[in-house]
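To start, the structure itself, in structure tokens.
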Amino acid sequence: MKHIIAVLIENEAGALSRVVGLFSARGYNIESLTVAPTEDPSLSRMTIQTTGSDDVIEQITKHLNRLIEVVKVVDLTEGAYTERELMLVKVRAVGKEREEMKRMADIFRGRVIDVTDKSYTIELTGDQSKNDAFLEAIDRSAILETVRTGACGIGRGERILRV
Amino acid sequence: MEINKAESASGSAGAQELRGAEILVKALQAENVQYIWGYPGGAVLHIYDAFYKQDTIQHVLVRHEQAAVHAADGFARATGEVGVALVTSGPGLTNAVTGIATAYMDSIPMVIISGQVPTAAIGLDAFQECDTVGITRPIVKHNFLVKDAKDMAEIMKKAFHIARSGRPGPVVVDVPKDVSFNKALYSGYPESVEMRSYNPVRKGHGGQIRKALQLLMSAKRPYIYTGGGVLLSNASPELRALVDMLNVPVTNTLMGLGAFPATDRRFLGMLGMHGTLEANNAMQNCDVLLAVGARFDDRVIGNPKHFASVDRKIIHIDIDPSSISKRVKVDVPIVGDVKDVLTELMGMIRESGLKPDAQALGQWWETIEGWRSRNCMKYDSNNSVVIKPQKVIETLWDMTKDADAYITSDVGQHQMWAAQYYKFNEPRRWINSGGLGTMGVGIPYAMGIKLAKPDSEVFCVTGEGSVQMCIQELSTCLQYNTPIKIVALNNRYLGMVRQWQEIEYSGRYSHSYMDALPNFVKLAEAYGHVGILVERPEDVEPALREARRLKDRTVFLDIRTDPTENVFPMVQAGKGITEMLMGVEDL
């Protein structure tokens, strides 16, 4: 089952590699991982998307907690949460495709952020299934390049992760 | 510059400008470090210079960095203090890696200081450069790269704090050469350390302990299984008191031997792959299992499916939450320091006035005595032709049972026989590499202990294979006058490999015969020690006696043992822990 784990970690050199090293050493999956400093520059927040049985997820959170630089760990999927992923897609846009691509971007509430006479770069934000759906919806052969940030998650309402 | 100095000196009372290396030495002194094992090199020259100018810490120059870490590790295991080693950059550190991983697997508190190339050269493939923090990351509890001399004191404080608190473990502090040379203002070693990200739990959860109490008191067939955590937590007295209170059977893992007296009637022996029949059977037949500072390791529980196939309730006390429900699902997890939790548990038992079900317990003991009467440890002890390795250990035990003795071992058959036939009655007397299973630890462990415990007798039970993996340390033993007794069970085979090849590979002894062995007697003599060759069963005891008599000499006993002897009982890989081979008749 898919899990989204949020981690507050000291913003120190090498902290990220401890997390990544843990996953590879113990054979856990990483579907995606995003990390950046928080409003407190001494802390980074990481969102890790992983899959595994309940037992495996329990071990993952325990081992993350065991890392000396990890301050807090929460499995967001244990409660209400919301997730977003940013995707940039460069698509071929020539002739009649140009209009169609623009329309599709609009339908998915995407924005065209770069234009050439042969291509558009479209910015899309949403949960991963929405971004997947966009890629399904357009002509595959028109996709020149995609880049996705991976999931970034936060608890709903009163669910707050901070020090 | 002058003005700044004056200002800073007056600004903080007692502060002085010191080199990073000098602050490092001050930190070690503040931590009451008495011994450090190491090997110099380019990147640590400033640190060695700082050592030259002090006289409170004794530095031991080993012959290979691996042994520096092992010796400090052995010292830590025997004393409970943090072991400290010092190595240079690049190959110095990579040589230390085996030692660090060994300590990590057995949760031994250590601080390893490594030199690093100057900060400006890091990442440029400099001479003797390696990514120390990267290489050691998976085998340490934590590691640090000191980027500025002003951070040295705080990092050292954190390193010692992390190494010895919670579930202990090795911490590496990597010190670039310029950082050890540069000066920084030193205003004393920090008194305490606060880390928002690291606050290990000591006290167990009261509600969980209460649940454990109820489960234990309702048990018909209770059993206590304890591991290295009891020793690390210095909780042997509490364990003994608990067993006295409940009168229940106890087993220890390889790492936990000595936590409970082996000669006590309630001790069922070691459990696991080479455990006793009664210890393993009790594991599968108990109805409530109290696991204390043990981690249900694969060598202990055998096939996990077989282990989980019986209906029993498990209480698990461990300081590391990730050890709980890792390989075996438990019913009552208690995260906390073993000593604290056992103390609280006993308090609750006293308060509750509850007593174990005496009648059920009586029947349980009868069942256990039935298993015990099989005498699974019997062997051909009266053989007058070949030396039985078990007999050597029994003789050693007989001779030293009332002495102040430490036994180290290497890894293999001799290790198992030492664990099986030496009756460890006190904690921290049995020093071996359980988790990583590192051949070569025996001599460095022994010399590390002997240095700290000069009045104790230190025996290294080893084999002719293992002993050659750190044999160069015989030279260190001479230089620092650490007279140890090496009891080498020389069967001319890599015995444990040979045993598996006999049993599981139809006797295809692929590369397990040690051809061209050195003359160990002459080798010992070449290093300035005493060597004794023992070839006949009747010579074993006199040889051991002679080795002990030569108090001030390191003695190498080359004991030619039966090359075909196997370690029994044995649970083959993949089998359940009660599916045991009891002896040659089962092969």
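Chains A and B, in that order, give the protein sequences. Taking the numbering used here, the leading residue of the first sequence gets 1252, the next gets one more, and so forth. Taking the numbering used here, the leading residue of the second sequence gets 1447, the next gets one more, and so forth. Using N, Cα and C, we set each Cβ at its ideal position, and we do this for glycine too. The model shown is predicted, which means the values in this text are computed figures rather than measured ones.
Chain B contact residues for residue i, given Cβ-Cβ distances below 7 Å
i, result
"residue 1320 (chain A)", "1643"
"residue 1261 (chain A)", "1643"
Chain A within 8 Å of residue i, Cβ atoms only
i, result
"residue 1762 (chain B)", "no"
"residue 1954 (chain B)", "no"
"residue 1584 (chain B)", "yes"
Proximal residues to residue i (C-beta, below 7 Å), its chain only, five neighbours per side dropped
i, result
"residue 1912 (chain B)", "1856, 1857, 1858, 1885, 1886 and 1888"
"residue 2024 (chain B)", "1726, 1727 and 1730"
"residue 1289 (chain A)", "1295 and 1296"
"residue 1629 (chain B)", "1463, 1464, 1465 and 1595"
"residue 1918 (chain B)", "1509 and 1510"
Contact set between residue i and chain A, taken where Cβ atoms lie within less than 7 Å
i, result
"residue 1772 (chain B)", "1310"
"residue 1608 (chain B)", "1319"
"residue 1588 (chain B)", "1319"
Cβ-Cβ separation, residue j to residue i (assumed contact under 8 Å), whole Å
i, j, result
"residue 1696 (chain B)", "residue 1711 (chain B)", "Contact flag wrong, Cβ pair sits at about 10 Å."
"residue 1545 (chain B)", "residue 1516 (chain B)", "5 Å"
"residue 1681 (chain B)", "residue 1761 (chain B)", "Not confirmed; about 15 Å, so no contact."
"residue 1283 (chain A)", "residue 1310 (chain A)", "The Cβ separation is near 20 Å, so there is no contact."
"residue 1606 (chain B)", "residue 1528 (chain B)", "6 Å"
"residue 1897 (chain B)", "residue 1481 (chain B)", "6 Å"
"residue 1962 (chain B)", "residue 1978 (chain B)", "Not really, about 21 Å apart at Cβ, beyond 8 Å."
"residue 1833 (chain B)", "residue 1709 (chain B)", "So it is not a contact: roughly 25 Å between Cβ atoms."
Outcome for residue i when other beta-carbon atoms lying within 10 angstroms are tallied against a minimum of 16
i, result
"residue 1340 (chain A)", "buried"
"residue 1784 (chain B)", "buried"
"residue 1252 (chain A)", "exposed"
"residue 1524 (chain B)", "buried"
"residue 1959 (chain B)", "exposed"
"residue 1786 (chain B)", "buried"
"residue 1293 (chain A)", "exposed"
"residue 1570 (chain B)", "exposed"
"residue 1453 (chain B)", "Because the pLDDT of residue 1453 (chain B) is 40, which lies under 50, any placement of that residue in the model is unreliable, and the number read from its coordinates should be weighed accordingly. When all chains shown are included, residue 1453 (chain B) counts as exposed."
"residue 1364 (chain A)", "exposed"
"residue 1997 (chain B)", "exposed"
"residue 1641 (chain B)", "exposed"
"residue 1360 (chain A)", "exposed"
"residue 1449 (chain B)", "Its pLDDT being 40, under 50, residue 1449 (chain B) is placed unreliably in this model, and the coordinates cannot settle the point."
"residue 1769 (chain B)", "buried"
"residue 1477 (chain B)", "buried"
"residue 1312 (chain A)", "buried"
"residue 1457 (chain B)", "Low local confidence applies: a pLDDT of 45 at residue 1457 (chain B) is under 50, so the model's placement there is unreliable, with the coordinate-based value given in what follows. So residue 1457 (chain B) counts as exposed."
"residue 1957 (chain B)", "exposed"
"residue 2019 (chain B)", "exposed"
"residue 1423 (chain A)", "Here chain A comprises residues numbered 1252 to 1414, so residue 1423 (chain A) is not present and cannot be evaluated."
Within chain B, the residues that residue i reaches when beta carbons sit closer than 9 Å
i, result
"residue 1314 (chain A)", "1768"
"residue 1272 (chain A)", "1580, 1583 and 1584"
Neighbourhood of residue i by C-beta, 6 Å cutoff - its chain only, sequence neighbours within 5 removed
i, result
"residue 1916 (chain B)", "1513, 1886, 1889 and 1890"
"residue 1931 (chain B)", "1905, 1993 and 2001"
"residue 1497 (chain B)", "1505"
"residue 1625 (chain B)", "1466, 1592 and 1595"
"residue 2017 (chain B)", "1719, 1748, 2023 and 2026"
Beta carbon proximity, residue i to chain B, threshold 8 Å
i, result
"residue 1340 (chain A)", "no"
"residue 1324 (chain A)", "no"
"residue 1276 (chain A)", "yes"
"residue 1414 (chain A)", "yes"
"residue 1258 (chain A)", "no"
Where residue i meets chain E, residues with beta-carbon distance less than 7 Å
i, result
"residue 1265 (chain A)", "The structure shown contains no chain E; the protein chains it does contain are A and B."
Contacting residues, own chain, Cβ-Cβ under 8 Å from residue i (five flanking each side not counted)
i, result
"residue 1828 (chain B)", "none"
"residue 1778 (chain B)", "1654, 1657, 1658, 1661, 1759, 1760, 1761 and 1762"
"residue 1275 (chain A)", "none"
"residue 1270 (chain A)", "1258, 1260, 1284, 1297, 1299, 1315, 1318 and 1321"
Neighbour list for residue i in chain B, Cβ cutoff strictly below 8 Å
i, result
"residue 1268 (chain A)", "1580 and 1583"
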